[in-house]
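Take a look at the structure below.
2 protein chains.
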Amino acid sequence: MVRRTKEEALETRSRIMDAAVDVFFERGVANATLNDIATRAEVTRGAIYWHFKNKLDVFDALHDQLQLSFADTILGDLRNDHPHPLLQLERLCSDLLIDLETNQYKFKVLSILFFKCDYTGEMEHFLNLQNARKKKNTELFSEYFTRAKKHKHLSADVDPTVLSMALMAYITGIVVDYLRDANGIVMSEHAPKFMRFFFRNLA
Amino acid sequence: MVRRTKEEALETRSRIMDAAVDVFFERGVANATLNDIATRAEVTRGAIYWHFKNKLDVFDALHDQLQLSFADTILGDLRNDHPHPLLQLERLCSDLLIDLETNQYKFKVLSILFFKCDYTGEMEHFLNLQNARKKKNTELFSEYFTRAKKHKHLSADVDPTVLSMALMAYITGIVVDYLRDANGIVMSEHAPKFMRFFFRNLA
DNA sequence: TATTATACATACGTTCATGTATGTATAATA
DNA sequence: TATTATACATACATGAACGTATGTATAATA
């Protein structure tokens with residue numbers, strides 16, 4: 032029994048979170064035991080209860096992390112004032128999808144969110160968070176279309192809001208279908224096709 | 032303690048399944064207790080263990096029921112040899128989406144499948160079933176596009192398979208987004224718009 | 001350097017759902 | 001009509017996960 036330094040404690044915390052991703056992915060959030068996570072992280076349950084209130088608190092930390100990362104990507108992209116916003120958005124969406132193929136971490140966390148947890152009881156709260164994020168991200172999408180209108184790349188009678196909602200749903204569906212059967216398609220091949228198909232006739 | 036007739040037994044069975052839908056929806060599949068379901072169905076756990084092997088077996092029954100209902104709707108629609116297959120498919124998809132607004136049962140069961148259960152362990156099996164169904168349904172969609180090509184309503188260079196996958200993803204996304212926040216949109220208004228948007232430029 | 005708070009590990013009691021075993025009244029069947 | 005299988009209800013035992021309480025060695029701090 033050694034007392035750790037603050038640095039070591041932070042490392043322990045992130046080891047627990049990493050372990051949680053693996054355990055949640057394999058056993059599901061509801062079925063995952065704190066002992067499972069502790070074992071995987073090579074600590075005891077005591078360590079988890081020190082860093083987190085309970086299992087939900089661990090999940091909350093993971094949830095936060097991912098949600099922020101997504102919005103940041105879009106915001107970062109928006110700062111780039113591209114001459115052709117539609118192509119820019121098409122590229123962004125395509126890249127986001129393809130990222131799932133290489134980024135094993137995002138793949139796992141998104142799999143957890145969509146297929147490895149049930150949003151009931153105290154978990155229901157996270158659906159609200161996801162909805163709020165979705166609304167914000169949809170508004171960010173909308174910005175691309177508004178810019179496109181200024182460039183006369185998009186006819187004026189198109190409602191950017193509805194269009195953004197449609198695009199968001201489209202991406203959600205592609206992600207869900209991909210997560211459910213990752214061997215079904217090769218994302219790096221299909222994502223550009225899917226996106227091309229959506230943006231083709233917006234001009 | 033009375034012995035029931037065969038009819039009464041079947042009614043008990045379906046009462047258990049109906050109760051399971053409510054309990055799964057409220058508590059989640061993993062968290063739902065057989066006692067919860069029994070209480071809701073006004074029987075004891077004994078009754079459930081008589082009709083089903085365990086909780087998974089109850090879920091399996093619900094899963095089957097929904098999956099079949101979906102494919103049947105499409106197959107039934109395909110039997111109608113519509114002169115304009117694209118419009119026919121557009122209408123079908125729109126109707127399927129709008130149905131979620133009125134059909135409380137489908138809404139609940141789909142909510143369970145997407146947001147109230149985790150597909151790990153023995154539940155993972157159901158993802159394979161869903162994938163298989165999705166493939167079949169995608170092939171059915173493909174049939175509409177093939178017919179459209181014969182009618183010269185669809186340019187020959189479009190790949191019906193990829194197009195079907197895109198449509199399937201689109202619908203999946205719309206459903207998921209709707210289930211997550213049913214108050215976010217009015218499906219009877221938005222579904223036709225979403226679908227119009229997809230089919231607009233296929234001609 | 002003495003003290004205190006930290007970063008865990010260990011131990012304990014409680015709850016709770018599960019599966020099974022058993023009981024039982026009565027449809028069904030012959 | 002006697003028998004048997006059915007359609008459950010009831011009772012029991014087991015185990016597992018949780019939260020908490022407590023122990024403890026050592027960074028951190030003054």
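Chains as they are written, first to last, in this note's numbering: chain A, 32 to 234; chain S, 32 to 234. We treat Cβ as the ideally placed atom computed from N, Cα and C, and that holds for glycine.
Exercise for the section: Could you tell me whether the segment 210-221 of chain A touches the segment 154-168 of chain A, using the rule of 3 or more Cβ pairs below 8 Å? Expected result: no
Exercise for the section: Just the C-alpha distance for Lys37 of chain A and Arg76 of chain S, rounded to the nearest angstrom, thanks. Expected result: 51 Å
Handout entry: Residue closest to Leu198 of chain S, alpha-carbon to alpha-carbon, out of A:Asp208, A:Val189, A:Ser195 and A:Asn159
Key = Taking each of A:Asp208, A:Val189, A:Ser195 and A:Asn159 in turn and checking the Cα distance to Leu198 of chain S, the smallest one comes out for A:Asp208.
Practice task
Whole angstroms is fine: what's the gap from Asn111 of chain S's alpha carbon to His115 of chain A's?
Solution key: 44 Å
Practice task
In the DSSP assignment, find the alpha helix (DSSP H) that holds Tyr80 of chain S and state where it starts and stops.
Solution key: Arg76 to His82
Practice task
Check whether the segment 163-171 of chain A touches the segment 167-182 of chain S, taking contact to mean three or more Cβ pairs, one atom from each stretch, closer than 8 Å.
Solution key: no
Practice task
Going by CA-CA distance only, name the one from S:Ile79, S:Ile202 and S:Gly59 that's closest to Asn15 of chain S.
Solution key: Because chain S spans 32 through 234 in this model, residue 15 of chain S falls outside it and cannot be assessed.
Problem - Of the listed residues A:Val52, A:Arg44, A:Val89 and A:Leu185, nearest to Gln233 of chain A (C-alpha basis) - result: Residue 233 of chain A is actually Leu in this sequence, not Gln. Answer by Cα proximity: A:Leu185.
Problem - Segments assigned alpha helix (DSSP H), at least 4 residues, entirely inside the segment 100-174 of chain S - result: 116-133 and 135-146
Practice task
Could you have a look at Ser45 of chain S and say whether DSSP puts it in helix, strand or coil?
Solution key: helix
Exercise for the section: Spell out whether any CB of chain A is found under 8 Å from the CB atom of Met218 of chain S. Expected result: no
Handout entry: 7 Å Cβ cut-off: residues of chain A touching Gly197 of chain S
Key = First, the amino acid is wrong: residue 197 of chain S is Ala here, not Gly. Contact annotation for Ala197 of chain S against chain A: Phe225 and Phe228 [CB-CB distance below 7 Å, chain order].
Handout entry: Environment of Ser195 of chain A [buried if 16+ CB atoms lie within 10 Å]
Key = Of the other Cβ atoms in all chains shown, 16 or more fall within 10 Å of the Cβ of Ser195 of chain A; this residue is therefore buried.
Handout entry: Contacts that Glu57 of chain S makes with chain A (C-beta to C-beta distance below 8 Å)
Key = Thr151
Problem - C-alpha distance - Leu99 of chain S paired with Asp91 of chain S, whole-angstrom precision - result: 12 Å
Exercise for the section: Would you decide whether Leu41 of chain A is buried or exposed? Buried here means 16 or more other CB atoms lie within 10 Å of its CB. Expected result: exposed
Practice task
Give a yes or no on whether the minimum CB-CB distance between Leu158 of chain S and chain A is below 8 Å.
Solution key: yes
Exercise for the section: Starting from Arg211 of chain A, follow the alpha helix (DSSP H) in both directions and report where the run begins and ends. Expected result: Pro191 to Arg211
Exercise for the section: Taking Met218 of chain A as the reference, give the member of A:Leu131, A:Val140 and A:Phe101 with the closest Cα. Expected result: The shortest Cα separation from Met218 of chain A among A:Leu131, A:Val140 and A:Phe101 belongs to A:Leu131.
Practice task
Please check the pair Arg46 of chain A and Ala63 of chain A, which I expect to be a contact at CB under 8 Å, by giving their CB distance rounded to whole angstroms.
Solution key: About 16 Å; that fails the 8 Å criterion.
Practice task
Measure the Cβ-Cβ separation of Leu117 of chain S and Phe230 of chain S and say whether it is below 8 Å.
Solution key: Between Leu117 of chain S and Phe230 of chain S, the C-beta gap is smaller than 8 Å, which places the two residues in contact.
Practice task
Run the CB neighbour count on His94 of chain A, radius 10 Å, all protein chains shown included, and call it buried at 16 or more, exposed below.
Solution key: buried
Problem - Segment limits, alpha helix (DSSP H) that includes Asp188 of chain S - result: Looking at the DSSP string, Asp188 of chain S is not in any alpha helix (DSSP H), and its letter there is neither H nor E.
Problem - Sequence-distant residues of its chain with Cβ nearer than 8 Å to Tyr201 of chain A (five each side left out) - result: Phe225 and Phe229
Problem - chain A residues whose Cβ lies nearer than 8 Å to that of Ala72 of chain S - result: Per Cβ cutoff of 8 Å: no residues; Ala72 of chain S is ~19 Å from chain A at best.
Practice task
Could you check if Thr203 of chain S is buried or exposed, using at least 16 other CB atoms within 10 Å of its CB as the buried criterion?
Solution key: buried
Practice task
Determine the chain S residues that contact Val19 of chain A at a beta-carbon separation under 8 Å, and present them in chain order.
Solution key: Outside the shown range of chain A, which is 32 to 234, sits residue 19 of chain A, and nothing can be said about it.
Problem - DSSP-derived helix/strand/coil call for Ile68 of chain S - result: helix
Exercise for the section: Check whether the Cβ atoms of Leu127 of chain A and Thr104 of chain A sit closer than 8 Å, and answer yes or no. Expected result: Note that the C-beta distance between Leu127 of chain A and Thr104 of chain A is below 8 Å.
Practice task
Give a yes or no on whether 8 Å exceeds the smallest Cβ distance from Lys86 of chain S to chain A.
Solution key: no
Handout entry: Collapsed DSSP secondary structure at Ala61 of chain S in the structure displayed
Key = coil
Exercise for the section: Taking only beta-carbon positions, decide if Phe146 of chain S is within less than 8 Å of chain A. Expected result: yes
Handout entry: Same chain, Cβ closer than 8 Å to Val74 of chain S, neighbours up to 5 away in sequence not counted
Key = Thr43, Arg46 and Ile47
Problem - Residues near Phe145 of chain A by beta carbon distance below 7 Å, same chain, minus five either side - result: Take Phe145 of chain A, set aside five residues on each side of it, and the residues of its chain with a beta-carbon closer than 7 Å to its own are Val207 and Leu210, in chain order.
Exercise for the section: Please classify His182 of chain A: does DSSP put it in a helix, a strand, or coil? Expected result: coil
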